[in-house]
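My numbering applies: residue 464 is where the sequence shown begins, and numbers increase by one.
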Amino acid sequence: MIFGKKDIIGLDIGSKHIKAIHLRDSKSGYILERLGVITLQPELIVDGSILDSTRVIEEIKQLISETNIKAKDVTLSVSGHSSVIIKRVSLPQMTEDEMDEQIRFEAEQYIPFDIEEVNLDFQILGSAEEEKMMDVLIVAVKKDKINEYVSVAREAGLNPVVVDVDAFALENMYELNYEIKESENVALVNIGAGMININILKGGISVFTRDSSVGGNLLTEALQREFTVSYANAEKLKHEEAVEGISQEDVKAILNSAFEDIFTEIARSFDYFRDTTNYENIDEIILSGGVALTGDFAVSLSDRVGVNVNIVDPFKNIEIPDTFDEEYLGKVAPLVAVAVGLALRRAGEK
464 MIFGKKDIIG LDIGSKHIKA IHLRDSKSGY ILERLGVITL QPELIVDGSI LDSTRVIEEI
524 KQLISETNIK AKDVTLSVSG HSSVIIKRVS LPQMTEDEMD EQIRFEAEQY IPFDIEEVNL
584 DFQILGSAEE EKMMDVLIVA VKKDKINEYV SVAREAGLNP VVVDVDAFAL ENMYELNYEI
644 KESENVALVN IGAGMININI LKGGISVFTR DSSVGGNLLT EALQREFTVS YANAEKLKHE
704 EAVEGISQED VKAILNSAFE DIFTEIARSF DYFRDTTNYE NIDEIILSGG VALTGDFAVS
764 LSDRVGVNVN IVDPFKNIEI PDTFDEEYLG KVAPLVAVAV GLALRRAGEK
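Okay, here's the thing in structure tokens:
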């Protein structure tokens, strides 16, 4: 969804963290200029809906100030199974100018709400297997969802120039940092506090996307229930920090049990992918989001779904100045994968 070649900030507004990334163009690629992560209080954003815009605006302002970001143009992203619809369709070959009316017609077949309530966009992926056909990705996002996020960014003194979708921001990050293997299916799996984004790429092209309203909050809630502790202490336990009277062995047991709900959701998405496409196998999972570094999650996910899992490195092909703390970057890297992808966007691009 396009609004406005200046410096652009990737701003990922999640339900637990807000992340900001500024990348500077260089002759050899990109240099990390600014990075910031701020933690939100619970219940400010739930299921992708901003419930307390005043507080979120304050947090964005604080993040921009602490990170010393001077640029005003930002790219944002949205996600959510109830507000974002992504559909891959095959259409007769035509020019992009001829596409607008056809895309609207196609979208009406798949969107479960009034077409007037959404912003539509599309991308031509290439020729389909059938002669004289082409594969097209249709994206529909509810206007009120876009307006929510654009509004808080503007109220924080920023200028949104692009609104993307989390799954495609991950794809941008992947294209910069990883070698595209033409014959392999790679699943980009991003697990936030309240959402899972899955984007499966075949030879670097998106063939399946799905958002699920399941995430790391399940783990926090399981620890709260088991040990009768506050949200803050449950978060400490989740991140292997000590809380008096509770052993790490007991915490690990509860987390391993709670992991299963997330594994089941991911496995269900993979099964649906296999059932509805010709691309039978998933060769690799690139895992991002805060849950990626929680306990044995990555190893256990690999065992559960039978696919090799690698934790994302969104800075693999980005130059990192010595002023950044390497240990800190390692901790926040899985959190900022979407923000890195957003920072790569430019107004006017598909």
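A virtual CB, placed ideally from N, CA and C, is assigned to each residue, including glycine.
Do residue i and residue j have their C-beta atoms closer together than 8 angstroms?
| i | j | result |
| --- | --- | --- |
| Val581 | Lys606 | yes |
| Val626 | Ile609 | yes |
| Leu474 | Leu539 | yes |
| Leu503 | Glu529 | no |
| Glu634 | Asn662 | yes |
Between residue i and residue j, what straight-line distance do the alpha-carbon atoms span, to the nearest angstrom?
| i | j | result |
| --- | --- | --- |
| Arg518 | Leu507 | 7 angstroms |
| Glu618 | Ile481 | 15 angstroms |
| Val706 | Gln687 | 12 angstroms |
| Thr727 | Asp560 | 42 angstroms |
| Ile494 | Gly793 | 17 angstroms |
| Gly511 | Ser478 | 7 angstroms |
| Leu718 | Ser710 | 13 angstroms |
| Val775 | Ile783 | 16 angstroms |
| Met658 | Gly678 | 5 angstroms |
| Val509 | Glu594 | 45 angstroms |
| Val500 | Pro555 | 45 angstroms |
| Val541 | Asn744 | 28 angstroms |
| Phe466 | Val613 | For Phe466, the predicted model reports a pLDDT of 39, less than 50, meaning its position is unreliable and no value from the coordinates is stated. |
| Ala761 | Phe690 | 24 angstroms |
| Ala650 | Arg767 | 15 angstroms |
| Ile750 | Pro797 | The sequence shown places Leu at residue 750, rather than the Ile named in the question. Their backbone Cα atoms lie some 8 angstroms apart in a straight line. |
| Gln572 | Ile729 | 27 angstroms |
| Ala616 | Leu805 | 14 angstroms |
| Leu764 | Ile643 | 23 angstroms |
In the DSSP assignment, what residue or residues form a beta bridge with residue i?
| i | result |
| --- | --- |
| Arg551 | Leu600 |
| Gln572 | Bridge partners of Gln572: none, in fact. |
| Ser512 | Val509 |
| Ile663 | Ala650 and Phe671 |
| Asn582 | Val604 |
| Asn622 | Asp536 |
| Val628 | Val541 |
DSSP three-state call for residue i: helix, strand or coil?
| i | result |
| --- | --- |
| Asn744 | coil |
| Thr530 | helix |
| Phe466 | The predicted model places Phe466 with a pLDDT of 39, which falls under 50 and marks its position as unreliable; any figure quoted below should be read in that light. The answer is coil: DSSP assigns Phe466 none of H, G, I, E or B. |
| Ser491 | coil |
| Val801 | helix |
| Ala656 | coil |
| Glu671 | Note on identity: in this sequence residue 671 is Phe, with Glu being the wrong assignment. In the structure shown, Phe671 sits in a strand (DSSP, three-state: E or B). |
| Lys813 | Model confidence at Lys813 stands at a pLDDT of 49, short of 50, so the residue's coordinates are unreliable; what they give is reported in the following sentence. Of the three classes helix, strand and coil, the one that applies to Lys813 here is coil, per DSSP. |
| Ser763 | helix |
| Gly753 | helix |
| Phe690 | helix |
| Ala770 | The sequence shown places Val at residue 770, rather than the Ala named in the question. Coil at Val770, not helix or strand. |
| Lys794 | helix |
| Arg808 | coil |
| His480 | strand |
| Ile471 | coil |
| Thr683 | helix |
| Glu723 | helix |
| Ile781 | strand |
Taking C-alpha atoms, which residue in the options lies nearest to residue i?
| i | options | result |
| --- | --- | --- |
| Asn680 | Ile783, Gly666, Ala695 and Val552 | Ala695 |
| Ser553 | Glu684, Met596 and Ile484 | Met596 |
| Val624 | Ala755, Ser751, Ala534 and Asn773 | Ala534 |
| Asn773 | Ile748, Arg487 and Glu698 | Ile748 |
| Tyr641 | Ile532, Ile781 and Val762 | Ile781 |
| Phe736 | Val801, Lys699, Val803 and Leu664 | Leu664 |
For the ligand GTP, is there any heavy atom lying closer than 7 angstroms to the beta carbon of residue i?
| i | result |
| --- | --- |
| Asp515 | Only the bare structure without any ligand can be found here, which leaves the ligand GTP out of the picture. |
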